[in-house]
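Quick note, the sequence shown lines up with residues 126 to 454 if you use the working numbering. All C-beta atoms in this analysis are idealised placements derived from N, C-alpha and C, irrespective of residue type, glycine included. Bear in mind the structure is a predicted one, so any value in this text is a computation, not a measurement. Only one structure is covered here, and it is reproduced in the block below.
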Amino acid sequence: MIEAEVIVVGAGPAGSACAWKLNQNGIQTVLLDKKAFPRQKLCAGWITPGVLKNLQLKKEEYPFGILTFERLFFHVGGRKFRVPTCQYSIRRYEFDHWLLKRAAVPLHRHAVQDIKKENGYYLIDNSYRSRYLIGAGGTYCPVYGTFFKDVNSRGQQRLITAIEEEFEYDYPDANCHLWFFENNLPGYAWYVPKANGYLNVGIGGKFLTLKNRGQTIRRHWDDFIATLAELSLVQGHTYRPRGHNYYLRQSLPAGQMDNAFIIGDAAGLATLDLGEGIGPAIESGILAADAILTGRRFSTSSIARYSLAHILWAGIKTTITGRTFSNFH
Ligand SMILES: Cc1cc2nc3c(=O)[nH]c(=O)nc-3n(C[C@H](O)[C@H](O)[C@H](O)COP(=O)(O)OP(=O)(O)OC[C@H]3O[C@@H](n4cnc5c(N)ncnc54)[C@H](O)[C@@H]3O)c2cc1C
126 MIEAEVIVVG AGPAGSACAW KLNQNGIQTV LLDKKAFPRQ KLCAGWITPG VLKNLQLKKE
186 EYPFGILTFE RLFFHVGGRK FRVPTCQYSI RRYEFDHWLL KRAAVPLHRH AVQDIKKENG
246 YYLIDNSYRS RYLIGAGGTY CPVYGTFFKD VNSRGQQRLI TAIEEEFEYD YPDANCHLWF
306 FENNLPGYAW YVPKANGYLN VGIGGKFLTL KNRGQTIRRH WDDFIATLAE LSLVQGHTYR
366 PRGHNYYLRQ SLPAGQMDNA FIIGDAAGLA TLDLGEGIGP AIESGILAAD AILTGRRFST
426 SSIARYSLAH ILWAGIKTTI TGRTFSNFH
């Protein structure tokens, strides 16, 4: 039996940020993940200055390269808008592994299946035991399924279905482009260049709306890659896209039950407008760690529900100061 004060199920950004904060404060923590790291994670990898701030990370300290976008191009109804801002891109393959190493806690490769509470302790698959349990296992987190499902039921109205591909590509344009509602997509499509010659392209939309219209995300994908070719943004590439579903911000009546918590996608925290989930995952992980450290009740109410306001505010700040602001200003 492996014992720890805190067991964190899931070593994505939510779990690693939580473990990092707990470990910094001397709390014995063990991470469990079903996958070996570094692992592929379907994600465009766009992150905000707030992510770096919450991680106390200076851009130049990150070893794999962060690309900065001083503007975003929004495409709506055939028109193109240039939006000044300051946003970043990373590759999740690198970023998640780096966050995990920085947490500096033991990681056990283990696919969690059965969780019980016995005599005030959480018992996982009769192999792990802890006083506190953090559910950071993403959309299908077993901690959510065991303790939180009945209290925090998730509405399919907030379910996003997304499909994407990340690949090495000599991209012709180092700007980030977003297409909203193209071909009646109930969502948006993206072109997100990365440092070191990688590119991520994808689309995401409301699952239920697509279903009710009898449409598939795959059909919209075909339209989108045709658009990328027409605009000469991607040409001659043979695509092998993959998909994943996740939930936008839900009402979260209980993010904590006794000493169990859910954070990140397990709690359904991605922003309502752009489905930004990395920032909320990291922030909720840090807040859960704070709750364990202080004994105060865990709440996610301080986490932003929308991204667009922050994108525009970043642009205003950049315009006023005349330079790309650092995350610590
Ligand atoms: C196509 C797509 C594009 C996106 N683009 C962006 C973007 O550009 N910017 C942004 O901010 N957000 C984006 N998101 C959302 C973002 O990826 C998620 O919100 C974020 O990854 C949530 O982090 P997390 O740590 O909660 O979960 P995850 O990153 O999903 O990590 C969960 C971990 O738990 C592990 N796990 C799961 N089940 C078990 C189990 N039973 N036992 C043990 N381990 C388990 C998994 O292996 C995984 O490592 C995108 C999502 C998709 C699908």
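Cutoff 8 angstroms; reference residue i; Cβ partners in own chain excluding five residues on either side
| i | result |
| --- | --- |
| Gly202 | Phe306 |
| Ile350 | Val326, Val359, Tyr364 |
| Asn300 | Phe194, Arg196, Leu197, Phe198, Pro318 |
| Arg367 | Leu167, Ile288, Glu289, Glu290 |
| Ile127 | Val155, His233, Ser252, Tyr253, Arg254 |
C-alpha gap between residue i and residue j, whole angstroms
| i | j | result |
| --- | --- | --- |
| Leu412 | Thr264 | 19 angstroms |
| Arg365 | Leu353 | 15 angstroms |
| Gly361 | Asp415 | 49 angstroms |
| Ala434 | Ser424 | 22 angstroms |
| Gln281 | Ala392 | 14 angstroms |
| Tyr247 | Tyr269 | 14 angstroms |
| Arg196 | Trp438 | 12 angstroms |
| Ala379 | Leu356 | 46 angstroms |
| Gly135 | Asp295 | 33 angstroms |
| Asn148 | Asn179 | 16 angstroms |
| Ala129 | Lys226 | 18 angstroms |
| Ile259 | Cys266 | 10 angstroms |
| Lys336 | Gly400 | 19 angstroms |
| Ala144 | Arg338 | 42 angstroms |
| Arg204 | Ser409 | 36 angstroms |
| Phe445 | Ile428 | Looking at the sequence itself, residue 445 is Ile, so the reference to Phe does not match. About 26 angstroms. |
| Gln212 | Gly245 | 44 angstroms |
| Lys183 | Thr173 | 13 angstroms |
| Phe450 | Arg422 | Legend: pLDDT at Phe450 = 46, less than 50; position of this residue unreliable, value from coordinates given subsequently. Roughly 34 angstroms between the two C-alpha positions. |
Coarse secondary structure for residue i, derived from DSSP in three states
| i | result |
| --- | --- |
| Glu401 | coil |
| His454 | Only weak support is given to the placement of His454: the predicted model assigns it a pLDDT of 31, under 50, and the question is left unresolved by the model. |
| Asn179 | helix |
| Val155 | strand |
| Pro318 | strand |
| Ala287 | strand |
| Phe273 | helix |
| Thr193 | strand |
| Phe423 | coil |
| Phe162 | coil |
| Ile259 | strand |
| Arg430 | coil |
| Phe306 | coil |
| Ile436 | helix |
| Gly389 | helix |
| Ser83 | Since the first residue of the chain shown is 126 and the last is 454, residue 83 is not available in this structure. |
| Tyr265 | helix |
| Leu147 | helix |
| Pro174 | helix |
| Arg338 | helix |
| His345 | helix |
| Ala136 | coil |
| Gly410 | helix |
Contacting residues, own chain, Cβ-Cβ under 6 angstroms from residue i (five flanking each side not counted)
| i | result |
| --- | --- |
| His200 | Trp304 |
| Tyr118 | Absent from the structure is residue 118, since the part of the chain shown begins at 126 and ends at 454. |
| Leu333 | Gln281, Gln282 |
| Pro163 | Tyr218, His222 |
| Phe206 | Phe199 |
| Ile436 | Thr210 |
| Gln153 | Ala129, Glu130 |
Beta-carbon contacts of residue i that lie in its chain and below 7 angstroms, excluding the five residues immediately before and after
| i | result |
| --- | --- |
| Gly440 | Val208, Pro209, Thr210 |
| Leu358 | Pro297, Asp298, Tyr316 |
| Val176 | Ile403, Gly404, Ile407 |
| Ala169 | Glu289, Trp315, Val317, Asn325, Gly327 |
| Asn308 | His345, Asp348 |
| Arg430 | Arg374, Thr396, Leu397 |
| His369 | Leu167, Ala287 |
| Lys241 | Leu248 |
| Ala161 | Arg234 |
Best match in the options for proximity to residue i [C-alpha to C-alpha]
| i | options | result |
| --- | --- | --- |
| Phe316 | Ser214, Ala261, Val230 | The question names Phe, but residue 316 is Tyr in the sequence shown. Closest option to Tyr316, Cα to Cα, is Ser214. |
| Ser426 | Arg227, Ile417, Thr396, Arg256 | Thr396 |
| Gln238 | His345, Gly245, Ile127, Asn251 | Asn251 |
| Lys146 | Thr444, Thr419, Arg430, Lys442 | Thr419 |
| Gly262 | Asp158, Gln212, Arg164 | Asp158 |
| Trp171 | Ser141, Ala320, Leu356, Trp346 | Ala320 |
| Phe273 | Arg374, Met382, Lys226 | Met382 |
| Leu310 | Gln340, Gly322, Leu224, Tyr431 | Gln340 |
| Asp398 | Gly190, Gly329, Ser409, Ile388 | Gly329 |
| Val230 | Asn150, Asp275, Ile342 | Asn150 |
| Gly137 | Leu192, Arg216, Phe189 | Arg216 |
| Ala228 | Asp275, Ile285, Leu192, Ala142 | Ala142 |
| Asp275 | Ile388, Lys331, Leu377 | Leu377 |
| Phe386 | Ala236, Phe189, Asn277, Tyr313 | Asn277 |
| Gly139 | Asp390, Tyr371, Tyr313, Gly322 | Reading off the sequence shown, one finds Ala at residue 139, where the question assumed Gly. For Ala139, the nearest C-alpha among the options comes from Asp390. |
| Gly190 | Arg343, Gly322, Ile388, Lys442 | Gly322 |
Near ligand 2: residue i beta-carbon under 7 angstroms from a heavy atom
| i | result |
| --- | --- |
| Ile436 | As for ligand 2, it is missing from this structure, which binds only ligand 1. |
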